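Data first, discussion second: the structure below is written as structure tokens.
In our numbering, the protein residues as written are 1458 to 1829.
The structure is reproduced here in structure tokens:
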């Protein structure tokens, strides 16, 4: 990722869980949540408020990240008070929410920034007020205390390698479109870097786009432009940075009446993405075990509330464009295709087969052998 350097110290779920157990054993009962205070004053050093700011209320954040983070915090610190807000994918809203958390006097802020650059001044204000900031899922600029995410370069590499496998012999001399994420998101650069490490020199990249705000509608517009520029019959595959963008890409391919659909990648293992894989519309997605990510963020936040450093949970160190040597957890993503849905997202309890194989997808599920 441009401007980001990673130094991995140790990895693996076992070490993360061990760190969580060590933190649990060292935690006594926490105190009361901080009261609302006047702007410009420092938060109470014994405050136990933890702010949780997520970028939107998509199925992922509502179903997995938020409840998992809140559950783990409650396990570690029964008296810690979690203040939650969703930005609904709006930068100005999230900036206001950070200000509200400062006014409320939270001791720690878990922040998944809508825009990593635009939230820098908000992070600066939080730190000036004495609030420790844990960057969640994407590396926000500013003086953060810890960072939790997945190895973004590995995500992109998995996507690129999967696309090459799907293309097979057609990769040599073939042409693809790259539908990258938002240019303002450092994760996007990381994903792109990883994908290019697999794709460059192996396949021709006809068009590449940075998709504003990660919106599927923008991916649809970009893909329609690529089809018009390159020709409907000359696109052999599409690198899509996540499942939402894949939905926009696939809708544009369908609108252009392209059959069969070329292989399209994805990320996040959204239910709709898994169903598109079952239906043969999307080739793969990247599954990121959210429990490990959410638990690591909660464990770091509680350590910081207790006045401890998060190093006992951290497995790596990361440099952002503004902050060096950030204690970090970078987890390992997993490639999911139609052949390993049961061994990944179903086995881990992310979805049941019944949730995937609704009546609309029942025939597809039977065809690929995905049955209760």
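Ideal placement from N, C-alpha and C gives every residue a C-beta, glycine not left out. For clarity, every value in this text was computed on a predicted model and none was experimentally measured.
(Q) Give me, in chain order, the residues of the same chain whose beta-carbon lies closer than 8 Å to that of residue 1595; leave out the 5 immediate sequence neighbours on both sides. (A) Along the chain shown, read from residue 1 onward, the residue named residue 1595 stands at position 138. Scanning its chain for C-beta atoms nearer than 8 Å, with the 5 sequence neighbours on each side dropped, one finds around residue 1595 the residues 1569, 1570, 1573, 1606, 1642, 1643, 1644, in chain order.
Q.
If you measure between the beta carbons of residue 1504 and residue 1539, is that distance less than 9 Å?
A. As a first step, residue 1504 must be located in the chain shown, where it is residue number 47. As a first step, residue 1539 must be located in the chain shown, where it is residue number 82. Not a contact, by the Cβ cut-off of 9 Å.
**Q.** From 1801, 1762, 1698, residue whose alpha carbon lies closest to that of residue 1562
**A.** In the chain shown, the residue the question calls residue 1562 occupies position 105. Comparing Cα positions, the closest option is 1762.
Q.
Taking the alpha carbon of residue 1524 as the reference point, which residue from 1788, 1665, 1748 has its own alpha carbon closest?
A. By 1-based counting over the chain shown, the position of residue 1524 is 67. Minimum Cα distance to residue 1524 is reached at 1748.
Q | For residue 1635, three-class secondary structure by DSSP | A | What you label residue 1635 is simply residue 178 of the chain shown in a count that begins at 1. In the three-state reduction of the DSSP assignment, residue 1635 falls in the strand class, which pools E and B.
Q. Hey, would you say residue 1713 sits closer than 9 Å to residue 1593, going by beta carbons?
A. Walking along the chain shown from the start, residue 1713 turns up at place 256. Walking along the chain shown from the start, residue 1593 turns up at place 136. No, the pair does not count as a contact, with Cβ atoms beyond the cut-off.
Q.
Assuming the contact rule is C-beta atoms closer than 8 Å, residue 1690 and residue 1650 should be a hit. Round their C-beta distance to whole Å, please.
A. Taking the chain shown and counting its residues from 1, one reaches residue 1690 at position 233. Taking the chain shown and counting its residues from 1, one reaches residue 1650 at position 193. Going by Cβ atoms, the distance from residue 1690 to residue 1650 rounds to 30 Å, so no, they are not a contact pair.
Q) In the structure shown, what three-state DSSP assignment does residue 1801 receive? A) The sequence position of residue 1801 within the chain shown is 344, counting from 1. Looking at residue 1801 - three-state DSSP - the assignment turns out to be helix.
Q.
Can you tell me where the alpha helix (DSSP H) holding residue 1834 begins and where it ends?
A. Shown here, the chain extends from 1458 to 1829; a query on residue 1834 therefore has no answer.
**Q.** Nearest-angstrom beta carbon gap, residue 1652 and residue 1783 [assumed within contact, 8 Å]
**A.** Taking the chain shown and counting its residues from 1, one reaches residue 1783 at position 326. Taking the chain shown and counting its residues from 1, one reaches residue 1652 at position 195. Not quite, the Cβ-Cβ distance comes to about 24 Å (not below 8 Å), so this is no contact.
Q.
With distance defined between alpha-carbon atoms, name the residue in 1632, 1639, 1619, 1532 nearest to residue 1546.
A. Mapped onto the chain shown, residue 1546 falls at position 89. The residue with the shortest Cα to Cα distance from residue 1546 is 1639.
Q: With a cut-off of 8 Å on the beta carbons, I'd call residue 1722 and residue 1697 a contact; round off their distance for me.
A: Start at 1 with the first residue of the chain shown, and residue 1722 comes out as number 265. Start at 1 with the first residue of the chain shown, and residue 1697 comes out as number 240. With a Cβ gap of about 5 Å, residue 1722 and residue 1697 count as contacting.
Q) With 9 Å set as the bound, which would you pick, yes or no: does the beta-carbon of residue 1741 sit closer than that to a beta-carbon of chain D? A) Looking at the structure shown, chain D is missing, and only one protein chain is on hand.
Q.
So, at 7 Å on beta carbons, what are the nonlocal neighbours of residue 1738 in its own chain, with the 5 sequence-adjacent residues on each side left out?
A. Translated into positions along the chain shown, residue 1738 becomes position 281. Result list for residue 1738: 1707, 1718, in chain order.
**Q.** Per-residue burial, residue 1585 [other beta carbons within 10 Å of its own, 16 or more giving buried]
**A.** Taking the first residue of the chain shown as position 1, residue 1585 is located at position 128. It counts as exposed.
Q: State the CB to CB distance for the pair residue 1673 and residue 1701, rounded to an integer number of angstroms; the pair is presumed to be in contact (CB under 8 Å).
A: The residue given as residue 1673 occupies position 216 in the chain shown. The residue given as residue 1701 occupies position 244 in the chain shown. Contact holds; Cβ gap of about 5 Å.
Q.
Short of 7 Å in beta carbon distance, which residues of its chain neighbour residue 1805, apart from the five on each side in sequence? Order them along the chain.
A. Working through the chain shown from its first residue, we reach residue 1805 at position 348. The answer, listed in chain order, is 1746.
Q.
Please report the distance separating the alpha-carbon of residue 1801 from that of residue 1636.
A. Here residue 1801 corresponds to residue number 344 of the chain shown, with the count starting at 1. Here residue 1636 corresponds to residue number 179 of the chain shown, with the count starting at 1. Approximately 25 Å between the Cα atoms of the pair.
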